[in-house]
Amino acid sequence: MGTVTEIRIAKRTGFCYGVREAIDMAKEASAAGKLTHTLGQVVHNEGVVNDLQALGIRTVDTLDDVARGAAVVIRAHGVRPDVMERAAGRGLEVIDGTCTWVIQEQKELVKLVEEGYTIVLLGTPKHPEVVGLLGFAPDAIVVDEEEDWERIPKKKKMALISQSTQPPWKFEKLAAFMVARSHELKIVNTVCPVTIRRQQDTLDAAGAVDLMVVVGGRSSANTKELTRLCGIAGTPAIQIESVRDLDDPAPFDGRRIVGVTGGTSTPIEDLHAVAQRILEIAGTPATRARAAELADAAFAVAATPAGRTTSLPTAAAS
Ligand code: SF4
-4 MGTVTEIRIA KRTGFCYGVR EAIDMAKEAS AAGKLTHTLG QVVHNEGVVN
46 DLQALGIRTV DTLDDVARGA AVVIRAHGVR PDVMERAAGR GLEVIDGTCT
96 WVIQEQKELV KLVEEGYTIV LLGTPKHPEV VGLLGFAPDA IVVDEEEDWE
146 RIPKKKKMAL ISQSTQPPWK FEKLAAFMVA RSHELKIVNT VCPVTIRRQQ
196 DTLDAAGAVD LMVVVGGRSS ANTKELTRLC GIAGTPAIQI ESVRDLDDPA
246 PFDGRRIVGV TGGTSTPIED LHAVAQRILE IAGTPATRAR AAELADAAFA
296 VAATPAGRTT SLPTAAAS
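For the sequence shown, counting from 1, position 236 maps to 231 in my numbering; every step adds exactly one.
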């Protein structure tokens, strides 16, 4: 017998504005009749990639797969400057979906290089955003977990900058660590405010429920961080990629109120499906019968529309 009577959605959920804009640019280009591609998956979310495919938008791994004159959308993570040049050189129509925050990071890196700093970049080494950023500062030292930090040399003039989705506590800790390694230390805080707000909203939600469900890519750093924060709030959490991972009611045994949150690449529609599914498999008889209605109600009170971000409707949904 299920015990869940209520679902609470974290305040700000759905795509971050950077992801949403890149997806919308691809949809708009396709709607305008352009042969449209995205360089790499816009988000690591099967549903989104399938939606785009249904609109005729292809994901390609390399510019060589894009025919001359066709449109190629650069995703929110951005790319190295030479990739942009190569795309233009091949006669492609480049639609730059690089998030404005990432563009700011790229500009900051160029300045730091010009000013002669030894740059430390806090980030996941092979993450596309980091790969793109290194195109602007090829000598930057990329570090991630604490065990990497001993690799940071002692230099007179050093700068610290971050991949957008790194947790703020890690950035602060690394800044403190670097104080002893340099005479002049310039700190450029490029942790994205969306990431910070989402973490705060997740902590707030976790503090008021019996169990949290975190929805997002298994390898997504910002999703993993949300799961970790639930633990810090003292609330058990399960992390899933999509509603398809929810077939076992056991984790919900004895829980009454369940919270739902998601990473910046998780569409709000996925969170809605998860909310409904939790009620269907683990709700009390009364809540099971009204699962769809209660999931709608949870979203209606979760946030202002501005806090609930999705993308332009697909052809299938419109
Ligand atoms: S997390 Fe922030 S920096 Fe990264 S794409 Fe989203 S809005 Fe842009």
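Where is the CB? At the ideal position from N, CA and C, for every residue including glycine.
* Among the residues of its own chain, which have a CB less than 6 Å from the CB of P231, if the five just before and after it don't count? -> Position 236 of the sequence shown holds residue 231. Result list for P231: L206, in chain order.
* Asked: Are at least three pairs of beta-carbons, each pair with one atom in the region 223 to 237 and one in the region 274 to 283, less than 8 Å apart?
  -> For the pair of segments examined, the region 223 to 237 was found not to touch the region 274 to 283: the number of CB pairs separated by less than 8 Å stays below three.
* Residue range of the beta strand (DSSP E) that G254 falls in? -> The residue given as residue 254 occupies position 259 in the sequence shown. Membership of G254 in the beta strand (DSSP E) is indicated by the continuous run 252 to 257.
* Thinking just about the alpha-carbon of each residue, which of G(-3), E1, V115 is nearest to the one in F294? -> Counting from 1 along the sequence shown, the entry for residue 294 is found at position 299. Checking every option, the nearest Cα to that of F294 belongs to E1.
* To do: Counting only runs of 3+ residues fully inside the region 212 to 289, write out the beta strand (DSSP E) ranges in chain order.
  => 232 to 235, 252 to 257
* Is the beta carbon of G13 within less than 7 Å of some heavy atom of ligand 1? -> Mapped onto the sequence shown, residue 13 falls at position 18. It does: the Cβ of G13 is within 7 Å (strictly closer) of some heavy atom of ligand 1.
* Cβ-heavy atom distance between A71 and ligand 1 below 7 Å? -> Position 76 of the sequence shown, counted from the start, is the residue given in the question as residue 71. Yes, the Cβ of A71 comes within 7 Å of a heavy atom of ligand 1.
* Bridge-paired residues (DSSP) for M153 -> For the purposes of this step, residue 153 is taken as the residue at position 158 of the sequence shown. The bridge partners DSSP lists for M153 are T113, L180.
* Counterpart residues of L34 in DSSP-defined beta bridges -> Counted from its first residue, the sequence shown places residue 34 at position 39. The partner list for L34 (beta bridge, DSSP) reads V55.
* **Proximal residues to A312 (C-beta, below 6 Å), its chain only, five neighbours per side dropped** => Residue 312 sits at position 317 when you count from the first residue of the sequence shown. Summary for A312: the model assigns pLDDT 47, below 50, so the residue's position carries little reliability; its value from the coordinates is reported in the next sentence. Answer for A312: no residue qualifies.
* Any heavy atom of ligand 1 within a distance shorter than 7 Å of the CB on S157? -> For the purposes of this step, residue 157 is taken as the residue at position 162 of the sequence shown. Incorrect: S157 has no Cβ contact closer than 7 Å to ligand 1.
* Q271: which of R285, A281, W144, V125 sits nearest, CA to CA? -> Here the question's residue 271 lines up with position 276 in the sequence shown. Nearest C-alpha to Q271: R285.
* To do: Over the uninterrupted alpha helix (DSSP H) stretch that includes E23, give me the two end residues.
  => Within the sequence shown, residue 23 is the residue found at index 28, counting from 1. 12 to 26 is the span of the alpha helix (DSSP H), which, as asked, contains E23.
* Span separating the alpha-carbon of G118 from that of R146 -> Sequence index remark: in the sequence shown, residue 118 carries index 123 (1-based). Sequence index remark: in the sequence shown, residue 146 carries index 151 (1-based). Distance between the alpha carbons of G118 and R146: 14 Å.
* Asked: Buried or exposed: N40, going by 16 or more other Cβ atoms within 10 Å of its Cβ?
  -> Within the sequence shown, numbered from 1, the residue matching residue 40 stands at position 45. With 16 or more Cβ atoms within 10 Å of its Cβ, N40 is classed as buried.
* **Closer than 7 Å: L183 CB and nearest ligand 1 heavy atom** => By one-based count along the sequence shown, residue 183 stands at place 188. The identity of residue 183 in the sequence shown is Val, whereas the question assumes Leu. No, ligand 1 has no heavy atom inside 7 Å of this Cβ.
* Asked: Just to check, is the beta-carbon of L129 closer than 7 Å to a non-hydrogen atom of ligand 3?
  -> Among the ligands in the structure shown, ligand 3 does not appear; only ligand 1 can be found there.
* Which of helix, strand or coil does DSSP assign to E167? -> Position 172 of the sequence shown holds residue 167. Helix.
* Asked: On the premise that L47 lies in contact with A21, defined as a C-beta separation below 8 Å, what is that separation, rounded to the nearest angstrom?
  -> Position 26 of the sequence shown, counted from the start, is the residue given in the question as residue 21. Position 52 of the sequence shown, counted from the start, is the residue given in the question as residue 47. Contact flag correct, Cβ pair sits at about 6 Å.
* Does at least one heavy atom of ligand 1 sit under 7 Å from the Cβ of T8? -> For the purposes of this step, residue 8 is identified with residue 13 of the sequence shown, where counting begins at 1. False, no ligand heavy atom lies under 7 Å from that Cβ.
* Could you give the DSSP three-state label for T190: helix, strand or coil? => Start at 1 with the first residue of the sequence shown, and residue 190 comes out as number 195. It is helical.
* Please look up how many angstroms separate the CB atoms of L87 and A65, rounded, as I've assumed it's under 8 Å. => Within the sequence shown, the letter at position 92 stands for residue 87. Within the sequence shown, the letter at position 70 stands for residue 65. That belief holds up - the Cβ atoms of L87 and A65 are roughly 6 Å apart, short of 8 Å.
* Please specify which runs of the alpha helix (DSSP H), each continuous and at least 4 residues long, are wholly inside the region 70 to 146, giving them in chain order. => 76 to 84, 95 to 109, 123 to 129
* To do: Measure the alpha-carbon distance for A297 versus V14 and round it to whole angstroms.
  => The residue you call residue 297 lines up with position 302 of the sequence shown. The residue you call residue 14 lines up with position 19 of the sequence shown. Each residue's alpha carbon lies about 21 Å from the other.
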